[in-house]
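Here is the structure we will look at.
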Amino acid sequence: MKKLLEIKNLSAGYDNNIVLENISMEVFSGDFIGVIGPNGGGKTTLIKTILGLIKPVSGEMKLHISKTNIGYLPQVNQIDKRFPISVIDVVRSGKANSALFSSFHKNTEEKEKAESLLAEMGISAIRNKPIGELSGGQMQRVFLCRALMNQPELLVLDEPSTYVDNTFEGELYLKLKELNEQMAIILISHDVGTISFFVKTIACVNRSLHHHPSNIITEEQLTSYNCPLQIITHGNIPHTVLKLHDEHDHHEHNH
Ligand SMILES: Nc1ncnc2c1ncn2[C@@H]1O[C@H](COP(=O)(O)OP(=O)(O)OP(=O)(O)O)[C@@H](O)[C@H]1O
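Note that full-length UniProt numbering has the sequence shown beginning at 1, numbered continuously upward.
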């Protein structure tokens with residue numbers, strides 16, 4: 001197993017606001033880590049730290065692979081859909097040193113890779129559509145293709161199931177399981193119940209970080225991790241959802 005990155009006693013945040021405090025974590029090839037935690041707990045900040053977008057206030061983040069070997073699928077709501085670019089060009093732009101915006105516009109290998117990823121994801125038919133015209137599920141597929149352009153050793157996904165229907169969510173997780181045979185995956189999600197069927201380990205982020213060494217996590221562990229989650233059981237399957245703010249919602253989700 002190859003160590004891809006290590007975070008040691010790291011604190012990070014924005015201006016004077018410390019969001020992650022004294023966290024440590026290691027990621028190895030073959031890992032499939034589900035990152036859970038409450039809103040504002042620091043999940044996206046952890047990802048930004050891993051991607052080198054924010055510098056730690058203290059402690060260290062050591063990347064043992066090149067940054068271009070990290071594939072990143074951002075939250076779809078952070079993407080400006082008005083940007084005039086077609087599906088195929090979004091995918092191609094995922095290639096490090098892409099020829100897309102240079103005068104050397106013809107890079108056949110790059111184009112072929114993009115086309116084969118679109119085909120693999122079953123979306124070749126929309127290759128020339130402007131991204132502004134796509135559904136949430138199509139958009140996620142396109143950005144997943146983009147994240148795979150460099151054949152990454154580590155794939156990082158920030159809540160990929162937020163704007164997609166249940167069918168696509170299931171398909172996506174199965175696809176990730178398949179991809180996990182070739183690359184490590186870090187998946188942020190609010191729904192530990194769903195992801196625990198697919199991930200190998202769970203990291204709970206709530207200012208602190210606890211990397212739990214399995215995909216099954218008990219209420220006691222979550223409480224000791226200071227992660228406000230509730231576990232309910234459907235038959236023999238442990239099902240966990242984020243603790244909801246209001247009782248009404250709570251009952252609706254506990255059907
Ligand atoms: N660019 C920024 N500038 C200042 N504060 C920020 C910035 N981005 C995030 N924060 C703050 O950092 C804290 C952690 O945010 P972060 O987005 O990492 O949490 P999260 O766990 O990903 O939340 P969510 O589940 O809502 O996506 C929040 O209090 C947020 O307001």
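Just so it is clear, CB atoms sit at the ideal spot from N, CA and C, and this is done for glycine as well.
Measuring only from the beta carbon, is Y225 closer than 7 Å to any heavy atom that is part of ligand 1? Reading the sequence shown from its first residue, position 225 is the one you call residue 225. No, ligand 1 has no heavy atom inside 7 Å of this Cβ.
Whether S24 touches I7 by CB criterion (8 Å): Within the sequence shown, numbered from 1, the residue matching residue 24 stands at position 24. Within the sequence shown, numbered from 1, the residue matching residue 7 stands at position 7. Against a cut-off of 8 Å, the Cβ pair of I7 and S24 comes out as a contact.
Count the other CB atoms within 10 Å of the CB of E181; is the residue buried (16 or more) or exposed (fewer)? The residue you call residue 181 lines up with position 181 of the sequence shown. By the 10 Å Cβ count, E181 comes out exposed.
Start-to-end residues for the alpha helix (DSSP H) that takes in V87: Sequence index remark: in the sequence shown, residue 87 carries index 87 (1-based). Residues V87 to R92.
Please determine if the stretch 136-146 and the stretch 75-94 are in contact, where contact requires at least 3 C-beta pairs separated by less than 8 Å. yes
Length of the line joining the Cα atoms of S116 and G34: As a first step, residue 116 is located in the sequence shown; it is residue number 116 there, counting from the start. As a first step, residue 34 is located in the sequence shown; it is residue number 34 there, counting from the start. The straight-line gap from Cα to Cα measures roughly 28 Å.
What's the gap between the Cα of V19 and the Cα of V57? Stepping through the sequence shown from its first residue, residue 19 is reached at position 19. Stepping through the sequence shown from its first residue, residue 57 is reached at position 57. If I take the Cα positions, the gap works out to 10 Å.
Go to E6, then tell me how far its beta strand (DSSP E) extends in each direction, as first and last residue. If you number the sequence shown from 1, residue 6 lands on position 6. Counting along the chain, the beta strand (DSSP E) containing E6 begins and ends at K3 to Y14.
Measuring CA to CA, which of M61, G122, E120 and P130 is closest to S86? In the sequence shown, residue 86 corresponds to position 86, counting from 1. Checked all of M61, G122, E120 and P130; the closest Cα to S86 is P130.
CA-CA distance, Q78 and K67? Here residue 78 refers to the residue found at position 78 of the sequence shown. Here residue 67 refers to the residue found at position 67 of the sequence shown. If I take the Cα positions, the gap works out to 21 Å.
Mind listing which residues have their beta carbon within less than 6 Å of any non-hydrogen atom of ligand 1? Chain order is fine. Y14, N17, V19, G37, N39, G40, G41, G42, K43, T44 and T45
In the structure shown, what three-state DSSP assignment does L154 receive? The residue given as residue 154 occupies position 154 in the sequence shown. Strand, per DSSP.
Any idea if F198 is buried or exposed, counting beta-carbon neighbours within 10 angstroms, 16 or more meaning buried? For the purposes of this step, residue 198 is taken as the residue at position 198 of the sequence shown. Buried, because 16 or more other Cβ atoms sit within 10 Å of the Cβ of F198.
Please look up how many angstroms separate the CB atoms of T49 and A12, rounded, as I've assumed it's under 8 Å. As a working note, residue 49 is residue 49 in the sequence shown. As a working note, residue 12 is residue 12 in the sequence shown. The pair is a contact, with the Cβ atoms about 5 Å apart (cut-off 8 Å).
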